[in-house]
Amino acid sequence: MPSPVSNLLLDRLSADTRAQLLRRCQSVSLPSGMHLGRPGEPSPFMYFLTSGICSVVTELANGETVEAGLMGREGLLPTLQLLGSGADIQTSSLMQVSGTGLRMDFRAFEHEFQATEAINRLVLRYVQYQSLSLSQLTACNRVHEVEERMSRWLLMVADRTGEMEMSLTQEFLATMLGTRRSTVSIVAGTLQRSGLIQYQRGRVTILDRDGLQNSACECYAVMRRLLDSLYQ
58 MPSPVSNLLL DRLSADTRAQ LLRRCQSVSL PSGMHLGRPG EPSPFMYFLT SGICSVVTEL
118 ANGETVEAGL MGREGLLPTL QLLGSGADIQ TSSLMQVSGT GLRMDFRAFE HEFQATEAIN
178 RLVLRYVQYQ SLSLSQLTAC NRVHEVEERM SRWLLMVADR TGEMEMSLTQ EFLATMLGTR
238 RSTVSIVAGT LQRSGLIQYQ RGRVTILDRD GLQNSACECY AVMRRLLDSL YQ
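Going by my numbering, the first residue of the sequence shown is number 58, and it counts up by one from there.
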């Protein structure tokens, strides 16, 4: 399991720069359902996840939602606010798998981002990664079937948590996949009958990872390569 202060971006900083940031951070619990960002509301804090999963979604005027991203301990948020977006941000960031994080005053981190080249470089790498990921997800949501997308999504969660068992409600899966709960139930049943997962009472267990990768769309391999090369 990751250490309580293990965040991949922070881990790439020099020991001195990392220690400088950590002195100004507060360790926080991030329970499932906690909002780390809401549309039109600038965040007073910068969050570095150290465990758990945060989902980023865009909600349309008719109430439908579209997956815009997924974050584990590889990154930080809100990154767009660092670039001057402020209240124009129209995505929601919500913890979907309980975890932990480091919280820092946003203005204090903004100063470090502008003043410290190493921090600036890594944050911009992460912003680039988010942009490339969003482009891939846009194509994925447009052309791939729900079964392929659910397989891809479950693998992405497993990659970030290091766990093959996770608590994920039908409502949440429907939100992330942009479909109905009834469709999630049908697709989960198909994957379960194929022996790829076990799904019961809001808990998903991956039983056959290789089989799930075969079930996933090509986007999973692309997303995995982006994650693996993020800070290299």
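Even glycine gets a Cβ: it sits at the ideal position worked out from N, Cα and C.
I243 sits exposed, since fewer than 16 C-beta atoms from the chains shown fall within 10 Å of its C-beta. Here the segment 227 to 242 makes contact with the segment 121 to 135; the two share three or more CB pairs at distances below 8 Å. Inter-residue distance for D73 and R81 is about 13 Å (C-alpha atoms, whole angstroms). Comparing C-alpha distances from E220 to each of E228, Q227 and L211 shows the shortest one belongs to L211. If you look at H168, you'll find it in the alpha helix (DSSP H) that goes F163 to A172. Using a 10 angstroms sphere on the CB of N119, the tally of other CB atoms stays under 16, which defines it as exposed.
When DSSP states are grouped into helix, strand and coil, M207 belongs to the helix group. By the Cβ criterion, the segment 98 to 117 is in contact with the segment 158 to 166, since at least three pairs of Cβ atoms, one from each stretch, lie closer than 8 Å. DSSP lists M128 and M152 as the beta-bridge partner residues of C111.
Taking C-beta separations shorter than 7 Å and ignoring five residues to either side along the sequence, the partners of D265 in its chain run G252 and L253, following chain order.
Distance between I176 and L67, taken at the CA atoms: about 9 Å. When C-alpha distances from M207 are compared across S192, R250 and A273, the shortest belongs to A273. M223 sits in a strand when the DSSP states are folded into three classes.
In the displayed model, S100 falls within coil according to three-state DSSP, outside both helix and strand. Spanning the alpha carbons of T148 and L139 requires a straight line of approximately 15 Å. Across the set S190, E204, T218 and N198, the C-alpha of E204 shows the shortest separation from the C-alpha of T240. Within the segment 245 to 287, the complete alpha helix (DSSP H) segments of 4 residues or longer fall at 266 to 272 and 276 to 285, listed in chain order.
Note that the C-beta distance between Y288 and R69 is below 8 Å.
Closest in alpha carbon position to Q227, among A215, V261 and M213, is V261. Around the beta-carbon of N271, fewer than 16 other beta-carbon atoms lie within 10 Å, marking it exposed. Excluding five sequence positions before and after P101, the CB atoms of its chain that fall closer than 6 Å to its own CB belong to F163, given in chain order.
Going by DSSP, L87 is part of the beta strand (DSSP E) stretching over Q83 to L87. Note on S286: under 16 other CB atoms within 10 angstroms of its CB, so exposed under the neighbour-count rule.
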